[in-house]
Amino acid sequence: MSEETLFEKLGVKYIEKDGIFYPLITLGGEENSKDVGKYGRMWMDYIQKEYPQRYRSLVRFGELHDKATEVNEVAYELLEDIENEWLHKHKPKQSNSFVEMYRLRTQARMIAEEVVLHDVVNCFH
Numbered sequence: 583m584s585e586e587t588l589f590e591k592l593g594v595k596y597i598e599k600d601g602i603f604y605p606l607i608t609l610g611g612e613e614n615s616k617d618v619g620k621y622g623r624m625w626m627d628y629i630q631k632e633y634p635q636r637y638r639s640l641v642r643f644g645e646l647h648d649k650a651t652e653v654n655e656v657a658y659e660l661l662e663d664i665e666n667e668w669l670h671k672h673k674p675k676q677s678n679s680f681v682e683m684y685r686l687r688t689q690a691r692m693i694a695e696e697v698v699l700h701d702v703v704n705c706f707h
């Protein structure tokens with residue numbers, strides 16, 4: 583009876599091609615398929631272009647997707663806080679007017695997104 587290989591002990595699966603078994607090894611495992619959100623993807627693009635060494639380091643240690651998910655969560659929390667604060671300060675003159683409420687909400691979202699992009703997404707983490 584043959585001994586298990588290290589890969590078999592770790593639970594790595596194999597695929598057979600032309601009578602040769604190849605281990606199915608991927609970088610980062612299941613995390614590559616994990617959705618990191620809008621701001622997480624934007625941060626990953628930013629860090630890859632502006633700080634390639636940091637990007638490679640995060641990929642190498644398997645921390646890129648965790649960090650991107652964290653950036654996405656922080657960004658959405660800040661976005662919501664800024665929008666709510668802005669809407670609280672700028673009350674509509676006609677509370678039943680859909681157009682005015684839409685305009686105010688759009689304006690709040692634009693202001694909040696600008697702050698989030700500057701303070702969270704386009705930063706070195």
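What the sequence shown shows, in this note's numbering, is residues 583 to 707, in sequence order.
Even glycine gets a Cβ: it sits at the ideal position worked out from N, Cα and C.
Exercise for the section: Tell me where the alpha helix (DSSP H) around LYS591 begins and ends. Expected result: Under the DSSP assignment, LYS591 falls in the alpha helix (DSSP H) whose first and last residues are 588-591.
Problem - Own chain partners of LEU686 with C-beta closer than 8 Å, once the 5 adjacent residues on each side are dropped - result: LEU669, HIS672 and PRO674
Problem - LYS631 - DSSP class collapsed to helix/strand/coil - result: helix
Problem - DSSP bridge partner residues for LYS599 (one or two, in chain order) - result: According to DSSP, LYS599 bridges with ILE602.
Handout entry: Buried/exposed call for GLY622, threshold 16 Cβ in 10 Å
Key = buried
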